[in-house]
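Student:
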Amino acid sequence: MNGRLHRLLRRLASPLLATRLTKEELCLSMAAVSRLRLRQEELLGLPLDPIVTRTQRVSHLCSPTELGMLSDGAAALFCSRADMADTLVCALYTAMGKGAAARLDHVTAVVRYAATLGSYSSETVPAILMSAPRLLHKKDSASALHSFLRLARSHLTEEDFDSLLEELRTRAGTEQVKCIHEARQPPPPAESKPRTIVAENEDDVEDSGKTAWTSPRARSWMSQRVRKGEAWSPGEVVQAMEFYTHFGVRDPVLQSKIDEAAVSVMPAASKFDMEGMLKVVATSSHLFPQTAELVRQHRCKSSAVQQNGTDGGSGSVSSMTRNFRTTEAYERLLAGQRIPEDWMFEVMQEQGAAVPIDVAAQAACIFAEKGGIPEGTILQLSMQLKELSPEGVAAFLRVMRRDSSGALLLHGVALISHFVERGMREATVETLLRICTACSLPLPRGVDAKDNYAFAEAQGRLAEAIITQLISVMQGPCTLPFLCKVANSTSAIDANNEIVHFVCSSVCAQTRCLTVQEALDLLDMLRCRNYVHEPLLDKLEPLFRELVQLAVSKMEAGEEVPEAETRSVARFIALQALFDAPDFEASASLVLHTVVQRMDHTPAEILPAAGLIALKQRRITTAHTILGGIAGNASTLSEAALGELAQLLFLPTLGSPGNDLVGELVAVLAARLAQQRDLPPDVVGLAVAVHWQCGDAGDGVPANVLDHLLEWMGALSAAVYTALCGAVHLSRAGDALVNTLIDDFPRRLDQLTTSEIASVAFGLGEIDGVGLRLSHQLMAEKCSDYVVDNSHEFWSGNDIARLLYGFSRMLCTKRSLYNVFAARLALRPVLLPMDQRAITLVVAAFGRSKYLDKALFDKFSRRMLENSDALAAPDLMLAIRGFSRVMLLNRPLYNELGSKAAEKADEFPLDSKCALLASFGSLGIEHEKLANRALEGIVENMAQLESANKAVDVIASLWQMHHDVEDDARVAQLAGWVAERSEELTGDAIGKLCVVLSETNWRHVPLLQAMAEQSVRLQLQQGVSAECCRAVLDTLGTFMIHHQGARESLSALGRSVSKERIQLSEEEEQQIQLLLRR
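The letter at position 168 of the sequence shown is residue 516 when you use my numbering, and the numbering goes up by one with no holes.
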């Protein structure tokens, strides 16, 4: 072979070119290669993986002619790959089963290539050969028929071969009949037996106890067992199922026969054998659908089958890990279920050098979710990386993404390379899907760009390999729900939509009619993947239109719609509300129109989904009408409809749905949970969030509903968790749920968007007393460190405002938090889009933390002055409090904000009016209009004040604002109310009153008498300071009021405080008075 040809072949086999070849280009290239006279030693350095990968990708689209071209090319390249042969054989078997046009030489080419592998065994090859006679044409040459018959003799038993010859003879021409008669002659001794049968007999002589099982040997054993034709024993069935799944065999005929054998032996199987079958079915139920169905029935009758250490629907767990508590906790973690604390103790006790590496990877996942991974576990994983099983790889990829330190990231690159090269073929489909789920988790924020690039490149190779493996499985006989499951699970790695396109293309290529359930599964897949495939939508549209029209006709006629049909219609319109495909808009609108017109005859099951469609079309009134139809009927809804109702009630565009319906929904969920019904955590979480937002505050959420949330907190989606955090401050939820929501915040940071992080921080900050517990403070500090480290990702000023306000409410005073985000807010792209509400939140946050950035606050002040007319009462309150707390001196700003607050004085609650006066008073700013309006409201509702001390603060604030307190009848009325409740006064409040009365020369005798009496009471309780005693005695003396009790009780303590005062000159006193007036 000359150098030019060699370079062409290397270029053809290069990943850059091979992966981009179209189906036609690949087939023509392989056909051209098959015409070359190549020697195996000339191709030793030629990489064939890219060609094999591309062949596996496009084989399901190939015609038998093209499959023959690919087979000839693979044989010419000496590609001895069993997976390549499986791909071509299965594709040909599927194409022939669909009635695709084929010729005898196409079959010969594929079977001939499979025969070149030597130790390759397949039960599908004989099935293809037996169905080939119908492909015989009169024009087929005798040489083509002779090649076919020679291959058939080597793969078929004598009985099958004679039957094949007889069928060929009935279709053959004259020359072809002569060839068939020659084939009836006894073959040479070397061809007297099929190669596979000889290998099988050799295997019988071997001692299986000393020889490791390999893929060729396992395939040969399974073929031999099938061809015996005898009844299977349960042990043989278990072994065959394990071989088929473990070695990744693709043989549709063999698969079907093993499935039938498993069904036949299951009634007589022992507990041990049943466990073996359960283990295989749990990981590969799509391969053995009949067995899986019987297993599901058996599991309902017996609890003994769950002794393999996994939960009912969990994925595969290797035998070496099934007895560890770590594995049980890991399965709970994957399901989102709470891990009990006593389990965590056992998990920690199990760790050590002797623990299997798979268990160590699972433990690392658990530790990463709980806080941090021990160094010993990280060291063990790094040293035994290549010993991980596929299940261990899935756990490692998960922990690598959940470990915020990034210590395992580079190890992940090495692991992926090793797994793609050596471990991929050992992985089951369920394990691959677990790996896809792990890959869907985001990497920790703040990963070094160089490391991130290296890992992204490695993950690209992993995704390529997984997609290839899955497509090769999906090309076999798979159910449609399984195909949809794979497509949904691989969304994170299927960036080019290869798998979802494969599913869509496969469905469109089918000639059979889809069932309604299959069509709904396909629509759900398209929605999940956000993928539009016009041919598939065209195929689904008539089916959905017929479904809708049938249901609508019954509703219009007043007839009862069957339950299954009702559920199908409800699911269709619910999916349409989410997917919004124009193809189905007419059908969905027809349902909505009929629901509105025939509400009395509409099944309640359809109403929640119809409400979703109404909101999608912005028909708010219609949605509320539908909610009225649901009220009183929520108990009749299925779990799916309850989920749709929870989604409907939660949508913000709906407005207030009404307390009665929300309460009814929560009550129904509580009843279902009491019946041990399985409800999705997201549905329960949404319902609770809606109840908190708009439910009756006096009607708490039932305890079993809150317990369900606590148990399945880890299974909540980011959106539902954010909703719960945003509404929990409105609830009467116990400390357990509140603390769980708070503790879960650091764990979820990497999975939340910046907007969701801000919303969670804001919501948690609204909880009363959230910053008072040490655990809450530690959480706030940890989360604040995280957002500071990743502050460059926050580009929304509105999100930053909510974030800072939440942390300030959690009493987080770390200066780095406010320094970093003050710098972010100063950026024009961040500051300019901020709305007025966000600016007020930022001001309030900085005010709470006593942080002042003068330049930034000047910008805020200008925005406030420009948009003061748009400020609502809460915004005014936050802004005034924030500015006053940082002691910002800006009289025009305070005058404007004070005037606006005075105009809206009636909109402020009583406490807010008091806070407004306190803010202006703390700065000594006079604002007569605000003082008068706020004072009016306070005096009118002074009975609602918490205590007399609150009224004292109001009087002190008015004095600080230079209000004429001594001549204001309203202040006098307030002072009289304080005198009546003087027993509530504290020493600090009495001290404030002494200053106000003395400085204003306000002689309010009842108040002075009450102050003296309360001081005496406090002194007896040792609850008054020496300074307060001195102030009371001085004030009584100033106004010449004699109080014998005060003189006797307070004099001793009061004399301990010096009466000396700094003597100022007349000029200095005038200057100080002037400053105070300002």
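All C-beta atoms, glycine included, are put in the ideal place defined by N, C-alpha and C.
#1: So what's Trp-561 in DSSP terms, helix, strand or just coil?
#2: Hey, quick one: how far does the alpha helix (DSSP H) through Cys-410 stretch, first residue to last?
#3: Since I believe Ser-820 is in contact with Arg-598 (beta carbons under 8 Å), could you give me their beta-carbon distance rounded to a whole number of angstroms?
#4: Cα separation between Gln-865 and Met-378?
#5: In terms of alpha-carbon separation, which member of Tyr-1242, Gly-1269 and Ile-1286 lies closest to Glu-1255?
#6: Out of curiosity, what's the CA-to-CA distance linking Ser-1260 and Met-1225?
#7: In chain order, which alpha helix (DSSP H) runs of at least 4 residues are fully inside the stretch 909-958?
#8: Enumerate, from N- to C-terminal direction, the unbroken alpha helix (DSSP H) stretches of 4 or more residues contained entirely within the stretch 1042-1086.
#9: In three-state DSSP terms, what is Ala-617?
#10: Between the beta-carbon of Leu-895 and the beta-carbon of Phe-920, is there less than 8 Å?
#11: Following the continuous alpha helix (DSSP H) through His-494, name the residue where it begins and the one where it ends.
#12: For Val-747, collect the residues of the same chain with a Cβ closer than 6 Å to its Cβ; drop the 5 residues on either side in sequence, then sort them by chain order.
#13: Using the three-state DSSP reduction, which class does Gly-445 fall into: helix, strand or coil?
#14: Given this structure, state the Cα-to-Cα distance separating Leu-818 from Glu-676, to the nearest angstrom.
#15: Considering Val-455, what are the terminal residues of the alpha helix (DSSP H) in which it resides?
#16: Assuming the contact rule is C-beta atoms closer than 8 Å, Arg-1150 and Phe-1194 should be a hit. Round their C-beta distance to whole Å, please.
#17: Report all residues from its chain with a CB closer than 7 Å to the CB of Ser-540; omit the five preceding and five following residues, and keep chain order.
#18: Out of Leu-1002, Gly-991 and Lys-734, state which residue places its alpha-carbon closest to the alpha-carbon of Val-1036.
#19: If I measure Cβ to Cβ from Asp-1030 and keep anything under 7 Å in the same chain, skipping five residues before and after, which residues do I get?
#20: Indicate whether Gly-977 and Met-947 have their beta-carbon atoms separated by less than 8 Å.
#21: For Leu-781 and Ala-843, what's the separation of their Cα atoms in angstroms?
#22: Since Pro-412 and Ala-366 should fall inside the 8 Å C-beta cutoff, what is the C-beta to C-beta distance between them, to a whole number of angstroms?
#23: Gly-724 to Met-731, Cα distance in whole Å?
#24: For the alpha helix (DSSP H) that Lys-486 lies in, which residues bound it at each end?
#25: Ordered along the chain, which non-local residues of its own chain (more than five positions away) have a Cβ less than 8 Å from that of Ser-479?
#26: Verify whether the separation of the beta carbon atoms of Leu-1013 and Val-1053 is less than 8 Å.
#27: Within the continuous alpha helix (DSSP H) that includes Pro-829, where are the two ends?
#28: With 16 other CB atoms within 10 Å as the buried threshold, where does Leu-1034 fall?
#29: What's the call for Asp-510, buried or exposed, on a 16-neighbour Cβ count within 10 Å?
#30: Please determine if the stretch 1243-1251 and the stretch 1209-1227 are in contact, where contact requires at least 3 C-beta pairs separated by less than 8 Å.
#31: Give the DSSP-derived three-state secondary structure of Ser-901 in the structure shown.
#32: Would you mind listing the alpha helix (DSSP H) stretches within the stretch 746-798 that are 4+ residues and don't spill past its ends, in chain order?
#33: Here's the rule I'm using: 16 or more other beta-carbon atoms within 10 Å means buried, otherwise exposed. How should Thr-435 be labelled?
#34: What residue range does the alpha helix (DSSP H) around Leu-681 cover?
#35: Pick helix, strand or coil for Ser-382, following the three-state DSSP scheme.
#36: What are the boundary residues of the alpha helix (DSSP H) that includes Leu-1429?
Tutor: According to the structure data:
#1: Residue state, collapsed to three classes: coil.
#2: Neither: Cys-410 is in no alpha helix (DSSP H) and is coded neither H nor E.
#3: The C-beta separation of Arg-598 from Ser-820 comes to about 6 Å, placing the pair in contact by the 8 Å criterion.
#4: Rounded to whole angstroms, Gln-865 to Met-378 spans 41 Å at the Cα level.
#5: Taking only the C-alpha atoms, the option nearest Glu-1255 is Ile-1286.
#6: Ser-1260 and Met-1225: Cα-Cα distance of roughly 7 Å.
#7: As far as the stretch 909-958 is concerned, its whole alpha helix (DSSP H) runs of at least 4 residues are 911-927 and 933-945.
#8: For the stretch 1042-1086, whole alpha helix (DSSP H) runs of length 4 or above, ordered along the chain, are 1051-1059 and 1066-1075.
#9: Looking at Ala-617 - three-state DSSP - the assignment turns out to be coil, as it is neither helix nor strand.
#10: Yes; because the gap between Cβ atoms is below 8 Å, this pair is in contact.
#11: For His-494, the uninterrupted alpha helix (DSSP H) run begins and ends at 490-503, by DSSP.
#12: For Val-747, where only same-chain residues beyond five positions count, the Cβ hits under 6 Å are Ala-712, Cys-713 and Ala-716.
#13: Helix, per DSSP.
#14: One C-alpha to the other measures close to 27 Å.
#15: Counting along the chain, the alpha helix (DSSP H) containing Val-455 begins and ends at 452-463.
#16: Incorrect: roughly 14 Å between the Cβ atoms, too far for contact.
#17: Here Ser-540 scores only 42 on pLDDT, less than 50, and its place in the model should not be relied on; the value that follows carries that caveat. Closer than 7 Å at Cβ, skipping near neighbours: no residue.
#18: With distances taken between Cα atoms, Val-1036 lies closest to Gly-991.
#19: Scanning its chain for C-beta atoms nearer than 7 Å, with the 5 sequence neighbours on each side dropped, one finds around Asp-1030 the residues Leu-1064, Ser-1065 and Val-1068, in chain order.
#20: Taking 8 Å as the cut-off, the beta carbon of Gly-977 is found closer than this to the beta carbon of Met-947.
#21: Near 15 Å, if we compare the C-alpha coordinates of Ala-843 and Leu-781.
#22: Rounded to whole angstroms, the Cβ separation of Pro-412 and Ala-366 is 23 Å, and the two are not in contact under 8 Å.
#23: The alpha-carbon atoms of Gly-724 and Met-731 are separated by roughly 11 Å.
#24: Element bounds for Lys-486: n/a, residue is neither H nor E.
#25: Leaving aside the five residues that flank Ser-479 on each side, the residues in its chain whose CB is nearer than 8 Å to its CB run, in chain order, Met-444.
#26: Inclusion of Leu-1013 and Val-1053 in the CB contact set at 8 Å is not warranted, their separation being larger than that value.
#27: First-last of the alpha helix (DSSP H) with Pro-829: 828-837.
#28: Counting the other Cβ atoms within 10 Å of the Cβ of Leu-1034 gives 16 or more, which makes it buried.
#29: By the neighbour-count definition (other C-beta atoms within 10 Å, threshold 16), Asp-510 is an exposed residue.
#30: Counting C-beta pairs closer than 8 Å gives three or more between the stretch 1243-1251 and the stretch 1209-1227, which meets the contact rule.
#31: DSSP places Ser-901 in helix when its eight states are reduced to three.
#32: The stretch 746-798 contains these whole alpha helix (DSSP H) runs: 757-766 and 777-787.
#33: The Cβ neighbour count for Thr-435, taken over all protein chains shown within 10 Å, is at least 16; the residue is labelled buried.
#34: Residues 673-683.
#35: The three-state reading of DSSP puts Ser-382 in helix, counting H, G and I together.
#36: Not covered by the structure: residue 1429. The range shown for the chain is 349 to 1426.
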